[in-house]
Structure formats: structure tokens, C-alpha cells
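Participant: Numbering (this note's numbering), first residue to last: 460 to 779.
Ideal Cβ placement from N, Cα and C applies to all residues, glycine included.
Quick one: the structure is below, questions incoming.
Okay, structure coming up:
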């Protein structure tokens with residue numbers, strides 16, 4: 460397959476780089492950082508495949524620069540930066556990486572859930588600032604046991620989070636586009652979005668970002684949440700209206716928010732969210748383990764090689 464040219468717009472995991480480099484003609488970008496747009500467009504002119512590490516909009520404008528493109532594969536589950544309709548119109552299948560990151564993301568979500576209740580990060584800051592040494596009180600936190608967790612988006616990741624929460628003796632309710640047929644097996648209860656917001660002590664977002672989920676939580680929906688509720692977001696930053704979130708936290712209507720994703724992203728160090736005492740923000744790291752990122756990279760390679768061979772992609776967006 461050396462006659463095929465594969466362009467990568469960012470640094471690849473070494474396992475993925477080695478496999479592609481020995482199989483195809485790879486135009487990589489191993490120095491890290493963002494590939495200059497002019498370099499990307501120049502390379503796309505002869506590209507048969509695009510390995511996307513994210514950070515670029517893959518739309519009609521970019522596809523026009525890549526007349527030979529046969530497949531696009533992105534090393535992530537989310538693909539809101541890709542115009543799927545435009546790719547489909549050009550006969551270009553799009554691959555992503557579902558499944559392989561479920562446990563890593565669910566672990567991070569559970570960690571943020573626990574932090575939102577027990578304020579572990581803030582407790583460390585209390586000690587590091589010397590306040591504990593000065594015998595200044597940190598204050599009390601809350602239990603997970605006996606509380607209700609509301610998960611919006613009960614896919615593979617949502618169900619993995621539910622299992623972790625149930626170990627902490629939490630009741631789990633959820634809202635989805637469709638009720639799952641395995642509710643009883645999972646031990647979760649399907650409710651409307653309005654019911655979930657009104658009942659949940661903790662609301663966790665595990666949805667994809669699209670037109671129907673953009674600003675799913677906003678001024679109106681925050682008002683539906685019970686006073687003192689806590690928010691955890693491991694989906695996409697755009698699912699939450701940032702200004703409305705700030706107001707809900709600053710007013711005390713929400714007790715806490717723990718976020719792995721933000722809007723904008725990355726979040727500037729001087730952003731107003733970071734002035735709040737009742738928030739924890741991590742740098743979109745939910746899938747950032749060695750094992751998971753290697754698995755994501757290799758699935759992306761498999762998607763590319765299948766697309767070049769004219770075969771169905773192992774993980775193809777929109778294919779049932």
C-alpha cells in the first residue's frame with residue numbers, strides 16, 4: 460500500500476506512526492504543535508487519507524483541497540469538527556474511535572463526580588496554602604451514598620459511569636433520545652429531561668455535541684435544577700452555556716461544577732470561571748492515558764487502512 464499517501468495533521472502516537480510509516484507513504488507532523496494551514500493544504504493535494512488528530516475543521520472548503528481523498532479518520536470519539544454530510548457527498552467515509560476509551564473516560568467522570576461532592580482539589584489547595592497548618596477550617600462536604608445521579612446520554616460511557624456510581628450507593632436516573640431496553644439489567648431509570656433536572660443531586664453530561672445538544676444546559680435549564688445540585692461535564696464544552704453556568708455557580712444555585720471540557724477550549728487562565736471557588740476544571744484529559752491513547756491511535760490506523768482498501772471501516776460514523 461506504499462502507493463497511498465496518508466497525511467497526519469498532528470503528532471501521532473509512536474505505535475500508529477510506526478504502523479503507517481511501514482505500510483503507506485506517511486506525511487506526518489511528529490514535531491508537535493499545530494501544522495501550518497498552508498502545509499496541510501499543500502500535502503492534502505496528493506492525499507489518499509487524512510489522519511486527523513483534531514484541531515481542524517474538515518468541511519467542503521478543506522475537501523476541495525484534497526481531490527484524491529478516500530477516507531478520513533479522527534483519533535477521537537467526538538467528530539463535531541467534521542462535516543459528515545460533506546464527506547458523504549464526496550463518498551468519503553469517516554472513522555472515529557468509540558469503545559476503546561470507555562473505561563478511561565468513565566473513570567475520569569467518576570473522579571470528577573467524587574470531587575464535586577468531596578472537593579478534593581480544593582482541599583489540596585487549602586493544605587498547600589498553609590490554611591490547614593494555621594488550623595483554619597475547610598468545611599464539610601457531602602456524601603454520594605443515597606444521592607441521585609442524573610446522566611444525560613446513556614450510551615456506553617454513560618452506562619459505565621452508572622456502574623461506578625452504583626458502587627457508591629447512588630440512585631441513577633437518565634435521559635436519552637430513546638429508552639434503553641436493558642434498564643433493569645443496568646439498574647437505571649429512564650425519565651424526561653425535565654424530571655431529571657428537577658430530581659438529580661448530580662447532573663452528568665455524556666452526550667455528543669450537535670445542533671440538538673448545543674447549550675443543552677442554559678439559563679432556563681439551570682433554573683430547572685434543584686438548588687444545591689452539582690454538574691459534571693465530560694462530553695463537549697458547547698453542551699453548556701458558559702455564561703449561564705457562571706451565573707448559576709456565582710449565585711449559589713449550583714453548589715459545584717466539575718468539568719473536563721469547556722467553551723471556549725482551551726480555557727484561558729484569566730477566564731471568569733476560574734475566579735469561582737466552587738469549580739474544578741481539568742484540561743480535556745478524560746481519555747488521556749497511555750493505554751487508551753495507544754488504542755485510539757491504532758483504531759484510527761485500522762480505519763484508514765480499511766478505507767484505503769475499499770472495505771467498511773471498523774468504526775465508521777453513521778454506519779449501523
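Since I believe residue 698 is in contact with residue 666 (beta carbons under 8 Å), could you give me their beta-carbon distance rounded to a whole number of angstroms?
Facilitator: For the purposes of this step, residue 666 is identified with residue 207 of the chain shown, where counting begins at 1. For the purposes of this step, residue 698 is identified with residue 239 of the chain shown, where counting begins at 1. Their Cβ separation, rounded to whole angstroms, is 6 Å, which keeps residue 666 and residue 698 in contact under 8 Å.
Participant: Would you report the Cα separation of residue 520 and residue 473, rounded to the nearest angstrom?
Facilitator: Here residue 520 corresponds to residue number 61 of the chain shown, with the count starting at 1. Here residue 473 corresponds to residue number 14 of the chain shown, with the count starting at 1. Rounded to the nearest angstrom, the two C-alpha atoms are 30 Å apart.
Participant: Tell me whether residue 726 sits in a helix, a strand or coil according to DSSP, three-state version.
Facilitator: Taking the chain shown and counting its residues from 1, one reaches residue 726 at position 267. DSSP places residue 726 in coil when its eight states are reduced to three.
Participant: Per DSSP, what kind of secondary structure is residue 484 in: helix, strand or coil?
Facilitator: By 1-based counting over the chain shown, the position of residue 484 is 25. Strand, per DSSP.
Participant: Who are residue 692's beta bridge partners in DSSP?
Facilitator: Counting from one through the chain shown, the residue named residue 692 turns up at place 233. Paired residues: 664, 718.
Participant: Straight-line CA distance for residue 466 to residue 537?
Facilitator: For the purposes of this step, residue 466 is taken as residue 7 along the chain shown, with counting starting at 1. For the purposes of this step, residue 537 is taken as residue 78 along the chain shown, with counting starting at 1. Going from the Cα of residue 466 to the Cα of residue 537 covers about 20 Å.
Participant: Using a Cβ-Cβ cut-off of 6 Å (strictly less than) and excluding sequence neighbours within five positions of residue 464, which residues of its own chain qualify?
Facilitator: As a first step, residue 464 must be located in the chain shown, where it is residue number 5. Contacts found: 484, 505, 506, 507.
Participant: Can at least three beta-carbon pairs, one atom from the stretch 719-737 and one from the stretch 625-640, be found at a separation below 8 Å?
Facilitator: Short answer: they don't touch.
Participant: So, residue 511 versus residue 480, is the Cβ gap smaller than 8 Å?
Facilitator: As a working mapping, residue 511 is identified with position 52 in the chain shown. As a working mapping, residue 480 is identified with position 21 in the chain shown. No, the Cβ-Cβ distance between residue 511 and residue 480 is not below 8 Å.
Participant: Check whether the Cβ atoms of residue 603 and residue 576 lie closer than 8 Å to each other.
Facilitator: For the purposes of this step, residue 603 is identified with residue 144 of the chain shown, where counting begins at 1. For the purposes of this step, residue 576 is identified with residue 117 of the chain shown, where counting begins at 1. Yes, Cβ-Cβ distance for residue 603 and residue 576 is below 8 Å.
Participant: If we count the other Cβ atoms within 10 Å of its Cβ and call it buried at 16 or more, is residue 556 buried or exposed?
Facilitator: The residue labelled residue 556 in the question sits at position 97 within the chain shown. Buried.
Participant: What is the rounded straight-line gap between the Cα of residue 675 and the Cα of residue 610?
Facilitator: Taking the chain shown and counting its residues from 1, the one referred to as residue 675 is at position 216. Taking the chain shown and counting its residues from 1, the one referred to as residue 610 is at position 151. C-alpha separation (whole angstroms): 13 Å.
Participant: Using a Cβ-Cβ cutoff of less than 6 Å, which residues in the same chain neighbour residue 629 once the five nearest sequence positions on both sides are dropped?
Facilitator: Sequence index remark: in the chain shown, residue 629 carries index 170 (1-based). For residue 629, where only same-chain residues beyond five positions count, the Cβ hits under 6 Å are 603, 606, 608.
Participant: Should residue 762 be flagged as near chain B, meaning a C-beta pair shorter than 8 Å?
Facilitator: You won't find chain B in this structure, because it holds only one protein chain.
Participant: Tell me, to the nearest whole angstrom, how far the beta carbon of residue 672 is from that of residue 656; I am working on the premise that it is less than 8 Å.
Facilitator: Here residue 672 corresponds to residue number 213 of the chain shown, with the count starting at 1. Here residue 656 corresponds to residue number 197 of the chain shown, with the count starting at 1. 14 Å between Cβ atoms; not a contact.
Participant: Going by beta carbon distance, what residues of the same chain come within less than 7 Å of residue 751, once the five residues before and after it are set aside?
Facilitator: Within the chain shown, the letter at position 292 stands for residue 751. Closer than 7 Å at the Cβ level, and outside the excluded window around residue 751, lie 559, 560, 563.
Participant: Quick one: using the 10 Å Cβ neighbour count with 16 as the cut-off for buried, is residue 574 buried or exposed?
Facilitator: Numbered from its first residue, the chain shown carries residue 574 at position 115. It counts as buried.
Participant: Pairs of beta-carbons, one from the stretch 682-698 and one from the stretch 541-552, closer than 8 Å: are there three or more?
Facilitator: No, the stretch 682-698 is not in contact with the stretch 541-552.
Participant: Considering only heavy atoms of the ligand GDP, does any lie closer than 7 Å to the CB of residue 562?
Facilitator: Ligands are entirely absent from the displayed structure, and the ligand GDP is therefore not among its contents.
Participant: With a Cβ-Cβ cutoff of 8 Å, do residue 524 and residue 500 count as a contact?
Facilitator: Position 65 of the chain shown, counted from the first residue, corresponds to residue 524. Position 41 of the chain shown, counted from the first residue, corresponds to residue 500. Yes, they are a contact pair.
Participant: Compare the beta carbon distance of residue 582 and residue 597 with 8 Å and say whether it is the shorter of the two.
Facilitator: Translated into positions along the chain shown, residue 582 becomes position 123. Translated into positions along the chain shown, residue 597 becomes position 138. Taking 8 Å as the Cβ cut-off, residue 582 and residue 597 qualify as a contacting pair.
Participant: On a CA-only basis, which of 731, 621, 694, 591 is nearest residue 453? Give me that one, please.
Facilitator: In the structure as shown, the chain starts at 460 and stops at 779, and residue 453 therefore has no counterpart that could be examined.
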